[in-house]
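A short worksheet on the structure shown next.
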Amino acid sequence: MESIARLSSAPLHAVATDEELVSATQAGDREAFDVLVQRWDRKIQGAIYRVMGSDEDARELSQEAFFKAYRALDGFEQRARFSSWLYQIAINLCRDRLRRRKGRRMLSLDDVSDSEVGPLVSVGPNVTETIEQNDLARVVADAVAELPSQQREVIVLKEYEELTFAQIAEVLGLPTSTVKTRLYRGLVELRRNLERRGVRSGSPT
Amino acid sequence: MACEYEDKREKLLEVLYDDGAVLARQNVEAHLESCAACRDELASLRGVRENLKMWEIPQPGVWRRLSARWHDLSPAAFRLVAAATFLLAMGGALAISGASFRYESGPIVVTLGRANADLEARMAAQEERHRAEIEQLKSTLGEGEVSLARVQTLIEQSEARQMTMMDAAWGEYASRSEAARRFDLARVSAGLSYLDRRNDEHAARTSELVSYLLETSAK
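If you read the sequences in order, they're chains A and B.
Residue numbering for the first sequence follows the numbering used here, beginning at 1 and increasing consecutively.
Residue numbering for the second sequence follows the numbering used here, beginning at 1001 and increasing consecutively.
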């Protein structure tokens, strides 16, 4: 009976909501948490990578985030979204690590190799264009890394994780107005960082 | 006329991201129709967003390639992987350091450090000369002509010479072996450090193994 139940739970898990999977995990279904990991692993790694600027940190901290979430899941009362809670754990881990590395520059052009930046959206027939796009990606990464961590967090969560203002406020435990203020200042600072590197952002109407 | 949003330009984000209360967005859009400064600012922020899109990152699957997913390893499997890593590291370190294992009618003898073929050959040759010397001595004794004391003295002198040579040879062998051992173990450590960076699951364990090898080989 137990094996039948285990076999039949897999397709159900695939269509279950995060909240349902959390409840199942809290009831003892470990496979339900596996689905949550598979569902959010890529997003959490990506967010950590952009905040920390390191794929090694992304790998380590994302695993640690899921470990912490699993251990604390029994106490999670689902007052907030599971994803918000998970992002919160991840961001806090990033902050802890950044505090320990206080004063150390997070990213430089030398740190971002071709393999880390990866291919861009499309590789057209124009090789020069592709090379220029790769250079731009490095410049953007460097400009983001220079931002104060508070602004960088908000920009990563908004631009790359595509959370709403309300969700970001939930993750960071801030008022929505503060989220918007940090995001706006971050974008302005980013524009300045890019212009310093010869990259213009948009043109007046 | 001063822009009413000059000190609260973050309100433009509600239009920029199409996020926020509907009424608030409509108020911003109404303001934009009459404010060129805010329109310029909004266009500039859109440009920043376009630039941000250029920063793509590699798929996490690449990052996961060399590290086992935590939830795919049962405790037993994890112990098996750890044990296999231990044996691999031990075997690699011993092979690199030139360790040899011999079974000598009882205990298994482990020798660390590279064997010095020349020294062994010299010691074997010395032993052979010693045997030949004793045989020659025996053949020259004759019955009753040479006292046992003299024979004993000759043997002791030969053994003393051999011990002196062995001490000197052993000192040279020991210093060479120690240097070779440290160099080899440093190479193993450097190699393991490379593996360490690529395999975060076993990093701590491989470092412990190197320390263990250093400790046990020094005993």
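For each residue, glycine too, the CB sits at the ideal point set by N, CA and C.
Starting from the beta carbon of Arg1009/B, find every residue of chain A whose beta carbon is closer than 7 Å, and list them in chain order.
Here residue 1009/B corresponds to residue number 9 of the second sequence, with the count starting at 1. Near Arg1009/B (Cβ distances below 7 Å), the residues of chain A are Tyr184.
Counting contacts by CB-CB distance shorter than 8 Å, is Gly46/A in contact with chain B?
Position 46 of the first sequence holds residue 46/A. Cβ-Cβ to chain B under 8 Å: yes for Gly46/A.
Quick check: the region 173-185 of chain A against the region 1029-1041 of chain B, are there 3 or more CB pairs under 8 Å?
They do not touch, by the three-pair rule.
Give a yes or no on whether 8 Å exceeds the smallest Cβ distance from Val1015/B to chain A.
Sequence index remark: in the second sequence, residue 1015/B carries index 15 (1-based). Not one chain A Cβ lies under 8 Å of Val1015/B.
Judging by CA-CA distance, which residue of Thr17/A, Gly75/A, Thr164/A and Gly198/A is the nearest neighbour of Asp142/A?
Here residue 142/A corresponds to residue number 142 of the first sequence, with the count starting at 1. It is Gly198/A whose Cα lies nearest to the Cα of Asp142/A.
Since Asp18/A and Leu36/A should fall inside the 8 Å C-beta cutoff, what is the C-beta to C-beta distance between them, to a whole number of angstroms?
Within the first sequence, the letter at position 18 stands for residue 18/A. Within the first sequence, the letter at position 36 stands for residue 36/A. Yes, they are in contact, since the Cβ atoms of Asp18/A and Leu36/A sit about 7 Å apart, within 8 Å.
Can you check whether the C-beta of Arg1025/B is within less than 8 Å of a C-beta belonging to chain A?
For the purposes of this step, residue 1025/B is taken as the residue at position 25 of the second sequence. Not one chain A Cβ lies under 8 Å of Arg1025/B.
How long is the line joining the alpha carbons of Glu1128/B and Ile1134/B, rounded to whole angstroms?
On the second sequence, residue 1128/B is found 128 positions in, with the first residue counted as 1. On the second sequence, residue 1134/B is found 134 positions in, with the first residue counted as 1. C-alpha separation (whole angstroms): 10 Å.
Using the beta-carbon of each residue, which ones in chain B are nearer than 7 Å to Lys68/A?
For the purposes of this step, residue 68/A is identified with residue 68 of the first sequence, where counting begins at 1. Those do not exist, as Lys68/A stays about 12 Å from chain B at its closest Cβ, beyond 7 Å.
State the Cα-Cα distance for the pair Leu187/A and Arg1039/B, rounded to the nearest angstrom.
Stepping through the first sequence from its first residue, residue 187/A is reached at position 187. Stepping through the second sequence from its first residue, residue 1039/B is reached at position 39. One C-alpha to the other measures close to 16 Å.
Measure the C-alpha to C-alpha separation of Trp40/A and Thr164/A and round it to an integer number of angstroms.
As a position in the first sequence, residue 40/A is number 40, starting the count at 1. As a position in the first sequence, residue 164/A is number 164, starting the count at 1. Rounded to the nearest angstrom, the two C-alpha atoms are 17 Å apart.
Could you say which of Ala1132/B, Glu1120/B, Val1188/B and Arg1176/B lies nearest to Met1166/B if we only look at CA atoms?
Along the second sequence, one-based indexing puts residue 1166/B at 166. Out of Ala1132/B, Glu1120/B, Val1188/B and Arg1176/B, Glu1120/B has the C-alpha closest to the C-alpha of Met1166/B.
Comparing C-alpha positions only, which one of Ser1175/B, Gln1026/B, Leu1209/B and Ala1021/B sits nearest to Val1188/B?
Residue numbering aside, residue 1188/B sits at position 188 when the second sequence is read from its first letter. With distances taken between Cα atoms, Val1188/B lies closest to Leu1209/B.
Please determine, among Gly1171/B, Ala1168/B, Trp1170/B and Lys1138/B, the residue with the shortest C-alpha to C-alpha distance to Ile1155/B.
Here residue 1155/B refers to the residue found at position 155 when the second sequence is read from its first residue. With distances taken between Cα atoms, Ile1155/B lies closest to Lys1138/B.
Quick one: residues in its chain with C-beta nearer than 8 Å to the C-beta of Met52/A, no 5 flanking neighbours on either side, listed in chain order?
For the purposes of this step, residue 52/A is taken as residue 52 along the first sequence, with counting starting at 1. Closer than 8 Å at Cβ, skipping near neighbours: Ala58, Leu61, Cys94, Arg97, Leu98 and Met106.
For Leu1042/B, I'd like the list of residues in its chain whose CB is within less than 8 Å of its CB, leaving aside the five on either flank, ordered along the chain.
Working through the second sequence from its first residue, we reach residue 1042/B at position 42. Hits under 8 Å: Leu1012, Val1015, Leu1016 and Leu1032.
Using 8 Å for Cβ pairs, my map puts Val154/A next to Leu194/A. What's the rounded Cβ distance?
Within the first sequence, numbered from 1, the residue matching residue 154/A stands at position 154. Within the first sequence, numbered from 1, the residue matching residue 194/A stands at position 194. Contact flag wrong, Cβ pair sits at about 17 Å.
Ignoring anything shorter than 4 residues or poking outside the region 5-41 of chain A, list the alpha helix (DSSP H) runs there in chain order.
Qualifying alpha helix (DSSP H) stretches, in chain order: 18-26.
Between which two residues does the alpha helix (DSSP H) carrying Gln151/A extend?
Position 151 of the first sequence, counted from the start, is the residue given in the question as residue 151/A. Start and end: Ser149 to Ile155.
Contact defined as beta carbons within less than 8 Å: I believe Leu73/A pairs with Val22/A. What is the distance between those atoms, to the nearest angstrom?
Counting from 1 along the first sequence, the entry for residue 73/A is found at position 73. Counting from 1 along the first sequence, the entry for residue 22/A is found at position 22. Right, the Cβ-Cβ distance comes to about 7 Å (below 8 Å), so this counts as a contact.
Check whether the Cβ atoms of Leu190/A and Leu147/A lie closer than 8 Å to each other.
The residue you call residue 190/A lines up with position 190 of the first sequence. The residue you call residue 147/A lines up with position 147 of the first sequence. The answer is yes: Cβ separation under 8 Å.
Is the CB-CB distance between Leu1023/B and Glu159/A below 8 Å?
Along the second sequence, one-based indexing puts residue 1023/B at 23. Along the first sequence, one-based indexing puts residue 159/A at 159. No, these two residues do not count as a Cβ contact at 8 Å.
Would you mind working out which of Gly28/A, Ser149/A and Glu162/A sits nearest Arg185/A, comparing C-alpha positions?
Along the first sequence, read from residue 1 onward, the residue named residue 185/A stands at position 185. Of the listed residues, the one whose Cα sits closest to Arg185/A is Ser149/A.
What are the residues in the region 1035-1052 of chain B lying within 8 Å of chain A by C-beta distance?
Cβ contacts with chain A: Ala1036, Arg1039, Asp1040, Ala1043, Ser1044, Leu1045, Arg1046, Gly1047, Val1048, Arg1049, Glu1050, Asn1051 and Leu1052.
Report yes or no: is there a C-beta of chain B within less than 8 Å of the C-beta of Ser149/A?
On the first sequence, position 149 is the one that residue 149/A refers to. No, its Cβ sits nowhere closer than 8 Å to a Cβ of chain B.
Between the C-alpha atoms of Glu1029/B and Phe33/A, what's the straight-line distance to the nearest angstrom?
Position 29 of the second sequence, counted from the start, is the residue given in the question as residue 1029/B. Position 33 of the first sequence, counted from the start, is the residue given in the question as residue 33/A. Cα-Cα distance, rounded: 44 Å.
How long is the line joining the alpha carbons of Asp55/A and Met1054/B, rounded to whole angstroms?
Indexing the first sequence from 1 puts residue 55/A at position 55. Indexing the second sequence from 1 puts residue 1054/B at position 54. Whole-angstrom Cα-Cα distance: 18 Å.
Compute the distance between the beta-carbons of Arg81/A and Glu170/A, then report whether it is under 8 Å.
The residue given as residue 81/A occupies position 81 in the first sequence. The residue given as residue 170/A occupies position 170 in the first sequence. A contact, by the Cβ cut-off of 8 Å.
Which residues, taken in chain order from the region 14-34 of chain A, show a beta carbon closer than 7 Å to some beta carbon of chain B?
Cβ contacts with chain B come from Asp34.
Can you find a C-beta in chain A that's less than 8 Å from the C-beta of Glu1056/B?
The residue you call residue 1056/B lines up with position 56 of the second sequence. It does; some Cβ of chain A falls within 8 Å.
Looking only at its chain, what residues have a beta carbon closer than 7 Å to the beta carbon of Gln26/A, apart from the 5 residues adjacent to it on each side?
Looking up residue 26/A in the first sequence gives position 26. Answer for Gln26/A: Leu73 and Asp74, listed in chain order.
Does Gly1171/B come out as helix, strand or coil in the three-state DSSP assignment?
Within the second sequence, numbered from 1, the residue matching residue 1171/B stands at position 171. In the structure shown, Gly1171/B sits in a helix (DSSP, three-state: H, G or I).
Would you kindly work out how many angstroms separate the C-alpha atoms of Gln1162/B and Leu1185/B, rounded to a whole number?
Position 162 of the second sequence, counted from the first residue, corresponds to residue 1162/B. Position 185 of the second sequence, counted from the first residue, corresponds to residue 1185/B. Those two C-alpha atoms are separated by around 33 Å.
Could you pull the start and end residues of the alpha helix (DSSP H) that Ile91/A belongs to?
Indexing the first sequence from 1 puts residue 91/A at position 91. Where Ile91/A is concerned, the enclosing alpha helix (DSSP H) stretches over Phe82 to Arg100.
For Leu136/A, collect the residues of the same chain with a Cβ closer than 7 Å to its Cβ; drop the 5 residues on either side in sequence, then sort them by chain order.
Here residue 136/A refers to the residue found at position 136 of the first sequence. Val199, listed in sequence order.
Tell me which residue opens and which closes the alpha helix (DSSP H) that Ala1033/B is part of.
Here residue 1033/B is taken as the residue at index 33 of the second sequence, counted from 1. The sequence as given places Glu at residue 1033/B; Ala does not occur at that position. Element bounds for Glu1033/B: n/a, residue is neither H nor E.
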